[in-house]
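Start counting the sequence shown at 1; every next residue gets the next number (the UniProt record's numbering).
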Amino acid sequence: MTRTLTAAVHQEDDWFVARCLELDVASQGESLEQALTNLREAVELYLEQVSQPQIEATPFVTAFQIASAA
Numbered sequence: 001m002t003r004t005l006t007a008a009v010h011q012e013d014d015w016f017v018a019r020c021l022e023l024d025v026a027s028q029g030e031s032l033e034q035a036l037t038n039l040r041e042a043v044e045l046y047l048e049q050v051s052q053p054q055i056e057a058t059p060f061v062t063a064f065q066i067a068s069a070a
C-alpha cells in the first residue's frame, strides 16, 4: 500500500530540515532531495516500529500576508 504524506522543509545554514506534518518525525540532509529521502526512510522505520501510529489528518497549509513594520 502506498500512502501520501506531507513534508514541510526549511533550511538551517547548510542543512535542509524536513518534517512530516502527519507524524512527529523529522530528518535532515545537505540538499532538499537528501532531506526528503532521509525523511522517507525515517517515516518507514517509524511505521515499522510503532504498532498503532497516530497519523494526524493532513493540515491545511496556506500563506498569508502581514503589513510590514519597516
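Yeah, the Cβ is synthetic: ideal placement off N, Cα and C, and Gly gets one too.
Classification of residue i by the beta-carbon crowding that lies within 10 angstroms, buried from 16 upward
i: Ser27; result: buried
i: Val61; result: exposed
i: residue 145; result: For residue 145 there is no data in the structure shown, the boundaries of the chain being 1 and 70.
i: Glu43; result: A quick correction: the sequence has Val, not Glu, at residue 43. Buried, since its Cβ has 16 or more Cβ neighbours within 10 Å.
Selected residue, minimal CA-CA separation from residue i, among the options
i: His10; options: Leu45, Leu36, Tyr46, Ile55; result: Leu36
i: Trp15; options: Thr58, Leu45, Asp24, Gly29; result: Gly29
i: Pro59; options: Glu22, Thr2, Met1; result: Glu22
i: Asp13; options: Leu32, Thr2, Met1; result: Leu32
Beta carbon of residue i nearer than 9 Å to that of residue j
i: Thr4; j: Cys20; result: no
i: Ala18; j: Leu39; result: yes
Contact set for residue i: own chain, Cβ-Cβ below 6 Å, skip 5 residues either direction
i: Glu56; result: Glu22
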